[in-house]
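> Quick one: the structure is below, questions incoming.
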Amino acid sequence: MAKKKIFIWLGSAFAVSLAYLFIAAKPITSEFTLQKEWSINLDDKNPPNDEVAANSDNLIPFFIGNHYGYIAPNGTLMAKKSIQNNQLISITPKIVSVWNPIPDTLTIESAVPDQTITIKDPMGYPYLVDDRIFLIGKDQDSVALINNGGNTEWSYAVGSPITALDCRADRLLIGTLDGTIYLLSLKGELLFTFQPGGSRLSVIAGGALSSDGNYIAVISGIDRQRFILLEKASQTYKVLHHQFLDSDFRRPVLVQFVQNNQYVLFEGKTNALVFDIHKRKIHEVPLNAPLLAIETIAQSNLVFMLTGKDLQKQLIVLRLPDRKLITAPFVSRESFIYTAGNHIILGSDSVIASYLVGK
Amino acid sequence: MKQMKTKVLTLIFLYILPCSLFSFDWPVPNGRVVKNFGQNGKGIPERGMLFLYEDSVFPADTGEVLFVGSNTTGKRFSSPLGNWIAIQHQDSLIGIYSHLSEFNSNSVPSLVEKSMSIAKAGTSGWATQPQIQFSVFDRKTSGYVNPQLLINMIDQQAPLIRQTILANRDGQKIVLGQLKSVRQGTYRVYIDANDGAAFFGNNQVAPYQFTLFVNGMLQGELELDLLAAKNGSLQVGLRKSQKSNQVYQIDGTYFVGEIQLNRGKVLCEVVVSDAAGNQKSQTYQFIVE
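Protein sequences, first through last, are from chains A and B. All letters in the first sequence, in the order written, are residues 1 to 359 by the working numbering. All letters in the second sequence, in the order written, are residues 1001 to 1289 by the working numbering.
Following this line, the structure appears as structure tokens:
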């Protein structure tokens, strides 16, 4: 009788284990790898390759330390220039501008140096997005669009200092100190404006547009800080989701749509928060330093995050929504990340290296 | 007894009112202003007070830090304000302290008092020499208010009216006082005026108010008390707001109004006053043909 009981117990345990294996087991995901393809030391005296410069597409822009320029996808340094300590820069894969604190003129050069746009007596600083030129007024409370002739197409005053900017899908999102967001068309028309409110003090700490222009994500207010997601509805935008946060940032907060606008990634109090738009669920990824940059690879569920405080930096690779694949600490004064195709480019002080992202 | 009580209450009220009105202090001790609110800089109005200064900056009043921006705000755009701090003060007023030197944003406490240095003046952003720009944004009016209205300052010097210019529809300009007669028609009136005070060093800055009378009738008024954006364009004035790009001329003059001059003798009076109430008036007599 006792033997029978033991068999029954053992049989049940085996059946439960088997059931568990069928129900709970997940296939092992393919191994994630970063394979170094090339690296460049900007302190080396190798001259840039002008021949490649004249023909290259998909250029990789860089600005690190006092150096800026372009690298071809194969790792050929195409242009390397220096800026003075007090100069400022805006660089995209297509255009670049370097200017003095109070510029008499602004020069915007194309990456392949065949075209130059000059803006005379500019009353502000350029904000370059892809091949578009915006001018942020010297009081940081207006934005103007500049055409290829260097003339102002339109100008829009927002009344209080700009705290957040994003340009995607032929729209410009502006967040301001007084807690207002403005959405402008690239013709300078106001498409939508919104004051999130709901906090003791209103301010826009961060804002982002989705690549299709259908969503706007905003981090607003102090005490309590809020995450707000707006969705396009006919000619306007409506609140799709709002959530109070633990954070109380009184500084710019990074916000970005990732993986074909399925998620919004932004900085939380001690973590990165990943909001799943369809499931309306927030995932937390612990961070031990402020979030400095977010980069994604198109059509992929991988996100690269650069975090850091002082000299201690970390490259974190995240498989969405919340699985940390790699945490790579390194020491660097200045650093940046950039993605091109299925490559992640990491700049650290004078070294820039490209890694092939593989599975 | 009742009269006595009323007198005491009135005295207390009169004492409290200026104290509350002027609870703001300048953010720099013994600073010299080189540009003031509403000043015309190549057709663009100055949003606050610009001090040339290179030492510690103090909050104008107690408050709570609302936002700290750096030279590269969020790495997305270069900030013309450079390193800047916005502090939420009393009564919906936000103090904006910009062009500061580099500072650790973690070292600025959330709550600040007047005696607490928040940073040092610097050359960040739209600046080439150590300075601090102090602006006050009012949430209620959604615009920058003139800080001279909030802070007690001694100024006994009247403004200076340099010239008053009439411009007809063809753009022809007539400097009043130089001609004894003008043609009948519609004219735009521009005033070139400055203000000076010990507080401004030897610098000529913007007056506060411009008033234009023609034959004793009020024909134009401009008050540099508020700069607010409406429908994407900057407007000047709280009571009578006008587009700033119409008021502020690239040559440094201010547009104060349009007048219709008909045949006969005309007495035109221009009154310019500063924020402390010092006034300067200039009259022009001419014949309209």
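Glycine residues also receive a C-beta, built at the ideal position from the N, C-alpha and C atoms. Everything numeric in this text was worked out from a predicted model, so none of it was measured.
So residue 125 of chain A contacts chain B; which residues on that side make the cut at Cβ distance below 7 Å?
Result: 1078, 1080.
> Just the C-alpha distance for residue 1214 of chain B and residue 1286 of chain B, rounded to the nearest angstrom, thanks.
Whole-angstrom Cα-Cα distance: 11 Å.
> For a test of the three-state rule: what should DSSP assign to residue 169 of chain A, helix, strand or coil?
Of the three classes helix, strand and coil, the one that applies to residue 169 of chain A here is coil, per DSSP.
> Over what stretch of residues does the beta strand (DSSP E) that includes residue 1303 of chain B continue unbroken?
Residue 1303 of chain B lies beyond the stretch modelled for chain B, which goes from 1001 to 1289, so this question has no answer here.
> With distances taken between CB atoms, is the gap from residue 1080 of chain B to residue 137 of chain A smaller than 9 Å?
Cβ atoms of residue 1080 of chain B and residue 137 of chain A: closer than 9 Å.
> Figure out for me which residue from A:307, A:219, A:148 has the closest Cα to the Cα of residue 174 of chain A.
Considering only alpha carbons, the answer is A:219.
> Can you list, in chain order, the residues of its chain with a C-beta nearer than 6 Å to that of residue 1268 of chain B? Leave out the 5 residues immediately preceding and following it.
Cβ neighbours of residue 1268 of chain B beyond the five flanking positions: 1214, 1284.
> Report yes or no: do three or more beta-carbon pairs, one from the stretch 114-133 of chain A and one from the stretch 90-100 of chain A, lie closer than 8 Å?
Contact holds: three or more Cβ-Cβ distances are below 8 Å.
> Would you tell me roughly how many angstroms separate the C-alpha atoms of residue 1035 of chain B and residue 1224 of chain B, rounded to the nearest one?
For residue 1035 of chain B and residue 1224 of chain B, the distance between alpha carbons rounds to 14 Å.
> Check whether chain B comes within 9 Å of residue 186 of chain A, counting only Cβ atoms and requiring the distance to be less than that.
Judged by the 9 Å Cβ criterion, residue 186 of chain A is not in contact with chain B.
> Please determine whether the Cβ atom of residue 218 of chain A lies at a distance below 8 Å from any heavy atom of the ligand FMN.
Of the ligands one can find in the structure shown there are none, so the ligand FMN has no counterpart to examine.
> In this structure, how does DSSP classify residue 1028 of chain B when only helix, strand and coil are distinguished?
Of the three classes helix, strand and coil, the one that applies to residue 1028 of chain B here is coil, per DSSP.
> Could you give the distance in angstroms between the alpha-carbon of residue 85 of chain A and the alpha-carbon of residue 1101 of chain B?
The alpha-carbon atoms of residue 85 of chain A and residue 1101 of chain B are separated by roughly 14 Å.
> Excluding five sequence neighbours on each side, which residues of the same chain lie with their C-beta closer than 7 Å to the C-beta of residue 1246 of chain B?
So the list reads 1255, once near-sequence residues are dropped.
> Determine the DSSP secondary structure at residue 1246 of chain B, reduced to helix, strand or coil.
Note: residue 1246 of chain B maps to helix in three-state DSSP.
> I want to see whether chain B comes within less than 9 Å of residue 203 of chain A, judged by CB atoms only; does it?
So yes, residue 203 of chain A belongs to the interface.
> Cutting at 6 Å between CB atoms, please list the residues of its own chain near residue 1176 of chain B, excluding the five before and the five after it.
Correct list, in chain order: 1164, 1284.
> Residue 203 of chain A and residue 1066 of chain B: beta carbons closer than 9 Å?
Closer than 9 Å, so yes.
> With 9 Å as the threshold, decide whether the Cβ of residue 1252 of chain B is near any Cβ in chain A.
Chain A, which has no Cβ nearer than 9 Å to the Cβ of residue 1252 of chain B, makes this no.
> State the Cα-Cα distance for the pair residue 225 of chain A and residue 1196 of chain B, rounded to the nearest angstrom.
Cα-Cα distance, rounded: 45 Å.
> According to DSSP, is residue 9 of chain A part of a helix, a strand, or is it coil?
Residue state, collapsed to three classes: helix.
> In this structure, how does DSSP classify residue 1147 of chain B when only helix, strand and coil are distinguished?
Helix.
> Considering only residues of the same chain and omitting the five flanking positions on each side of residue 157 of chain A, which have a CB-CB separation below 8 Å?
Correct list, in chain order: 137, 141, 142.
> Residues of chain B with CB under 7 Å from residue 308 of chain A, in chain order?
Neighbours of residue 308 of chain A on chain B: none; closest Cβ ~12 Å, over 7 Å.
> Which two residues bound the contiguous beta strand (DSSP E) that contains residue 128 of chain A?
From DSSP, the beta strand (DSSP E) with residue 128 of chain A extends over 124-129.
> Secondary structure at residue 1275 of chain B, three-state DSSP: helix, strand or coil?
Coil, per DSSP.
> CA-CA distance, residue 1212 of chain B and residue 1249 of chain B?
The alpha-carbon atoms of residue 1212 of chain B and residue 1249 of chain B are separated by roughly 17 Å.
> Evaluate the contact criterion for the stretch 1261-1275 of chain B versus the stretch 1138-1156 of chain B: three or more CB pairs, one atom per stretch, below 8 Å.
Counting Cβ pairs under 8 Å, three or more are found: they touch.
> Check residue 19 of chain A in the structure and name its three-state DSSP category.
Three-state result, residue 19 of chain A: helix.
> Quick check on this structure: which residue in B:1044, B:1042, B:1096 has the alpha carbon closest to the alpha carbon of residue 1064 of chain B?
Answer by Cα proximity: B:1096.
> How many Å lie between residue 1106 of chain B and residue 1114 of chain B at the Cα?
Cα-Cα distance, rounded: 19 Å.
> What are the residues that DSSP puts in a beta bridge with residue 69 of chain A?
Beta-bridge pairing links residue 69 of chain A to A:62, A:80.
> Tell me whether residue 14 of chain A sits in a helix, a strand or coil according to DSSP, three-state version.
Three-state DSSP puts residue 14 of chain A in a helix.
> Whole angstroms is fine: what's the gap from residue 1138 of chain B's alpha carbon to residue 318 of chain A's?
Taking the straight line from one Cα to the other gives about 43 Å.
> Return yes when the Cβ of residue 260 of chain A is within less than 9 Å of the Cβ of residue 211 of chain A, no when it is not.
The answer is yes: Cβ separation under 9 Å.
> In angstroms with no decimal places, state the Cα-to-Cα distance between residue 334 of chain A and residue 1169 of chain B.
Each residue's Cα considered, the two are about 58 Å apart.
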